[in-house]
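Written below as structure tokens is the structure these notes are about.
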Amino acid sequence: MLCYVAFHAFFLMICAASVQVVEVRSNDPTPTEPEAQSCGCHNLKRDVLVTTDSHASEDPAVKYLQTTNEKPTLSTKGGEKSVSDSQMVLISGGEFLMGTDNPCIPPDGEGPQRSVNLEPFFMDVHEVTNHQFKSFINATGYVTEAETFGDSFVFDGVLSEATKSQISQAVAAAPWWLPVKGADWKHPEGPDSSITDRTDHPVLHVSWRDAVAYCSWAQKRLPTEAEWEHACRGGLKDRLYPWGNKLTPKGQHYSNLWQGDFPTHNSGEDGYIKTSPVMSFPANGYGLYDMVGNAWEWTSDWWSVHHTADRQHNPKGPPSGTDKVKKGGSYMCHKSYCYRYRCAARSQNTPDSSASNLGFRCVSQEPP
Ligand SMILES: *[C@@H]1O[C@H](CO)[C@@H](O)[C@H](O)[C@H]1NC(C)=O
Ligand SMILES: [Ca+2]
Ligand SMILES: [Ca+2]
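Have a look at this one:
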């Protein structure tokens, strides 16, 4: 543990330091334990805990596109605006700088910084909410992977004692993640929890396939990692966060993260111990909310830590892989342990993973 603390403190230093220090770092051996400085949330592979072989191989993208030609009826046209509206903003295309040459977590493949050219696209201004996801379930009868498997990963800090007492397994590298029977999008902390007072919070416990199914139904798609990162940056160049380089300018919180000590004490200084209603914090320069913090967000790309430094046009990531890229960090992220609430930061999960801090938003080439 001490070793990890020293190791991590070293990279945090680098992150805010000069070019000279970065050169020193580049001579360092590659860290052999990438999970040693992570929040452990990329270890949420269900197959290490639960065995199942009955999972459908049907592509939800195809199935749900064919079974509905309707747009979700979420908006109250001409009426009052609510967070259940499927609001999107146009993100203009063009050139942006993806990744960073000062990686805070080098094993994640945050670098090199590279020039990327994108077509314009529309993006949901907020994470898909429980209410929106409910509309999808109502319309399609879709059953999420967590419901099929019968469990999902929940951070033990949000579990009731009753639920916790029934669990005997945990993720070895990250013991605060517990597989909870009956945890799913409707029951974020297990069977004795509900979403009735959280309809405007991001939907959680959705796998990558679930997210793809929702976006297809809405006649949208998941963003590529490049699209997500371009959107995160909000028009700023080479900054850490969607709003700049300072985490809390003038003492104001710009995202729902973890204050206090991870994983033992969450002070909730930003107003929220768990997820927050979407759009509770200021939008970035593109009018997008919670791009970092609140819930992690799936992207369409397969995971790889090796990137070309060459200029790219509409990159879509590797053609295949085992994990999908997720971006933005969550309400569980603290600088000491999961400094991934930066636009260049990234992490990964297998496509069937689901957890109490992982959601998504959709994009589209067409106007909403
Ligand atoms: C889903 O269906 C139920 C039962 O018909 C209804 O009460 C609820 O309002 C619907 N929710 C959404 C978000 O469409
Ligand atoms: Ca918080
Ligand atoms: Ca988010």
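Quick note, the sequence shown lines up with residues -17 to -1, 1 to 351 if you use mature numbering (1 follows the signal peptide of the UniProt record, and there is no 0).
The beta carbon of each residue, even a glycine, is placed where N, CA and C say it ideally should be.
As the structure is a computational prediction, the values presented were derived from the model and not from experiment.
Boundaries of the beta strand (DSSP E) around E78: 77 to 81. Remark: three or more beta-carbon pairs, one from each stretch, lie closer than 8 Å, so the region 269 to 277 and the region 305 to 319 are flagged as touching. Pairing Y272 with F264, the inter-Cα distance amounts to about 7 Å. CA-to-CA, the gap between L80 and R97 works out to about 5 Å.
Residue side-chain check: K117 places its Cβ nearer than 6 Å to a non-hydrogen atom of ligand 1. Counting only residues whose CB is nearer than 5 Å to a non-hydrogen atom of ligand 2, the list in chain order is N239, D253, Y255, Y314. Minimum Cα-Cα distance from P298 among the listed residues W159, H290, T146 corresponds to H290.
In the DSSP assignment, D284 is bridged to no other residue. DSSP places Q96 in the coil class of the three-state scheme, outside both helix and strand. Around the beta carbon of N85, a 10 Å sphere encloses 16 or more other beta carbons of the protein chains shown; the residue is thus reported as buried. Counting other Cβ atoms within 10 Å of its Cβ, T247 stays below 16 and is therefore classed as exposed. In this chain, the alpha helix (DSSP H) harbouring V195 covers 191 to 200. Looking at K307, S259, A328, S319, the one whose alpha-carbon comes closest to that of S339 is S259. Annotation: the region 298 to 328 contains the following complete segments of the beta strand (DSSP E) (minimum length 3 residues), in chain order: 307 to 310.
In this structure, ligand 3 has no non-hydrogen atom nearer than 6 Å to the beta-carbon of D91.
Where S330 is concerned, the enclosing beta strand (DSSP E) starts and stops at 330 to 332.
Within the model, the alpha-carbon separation for K117 versus D293 is close to 42 Å. With fewer than 16 other Cβ atoms from the protein chains shown falling within 10 Å of its own Cβ, T179 counts as exposed.
Annotation for V261: V66, H109, E110, T112, D183, H184, P185, Y272, D273, N277 place their beta carbon closer than 8 Å to its own, counting only its chain and skipping 5 residues before and after. Note that the C-beta distance between D167 and R329 is not below 7 Å.
The nearest non-hydrogen atom of ligand 3 is less than 6 Å from the C-beta of N277. For K164, the enclosing beta strand (DSSP E) has its first and last residue at 160 to 164.
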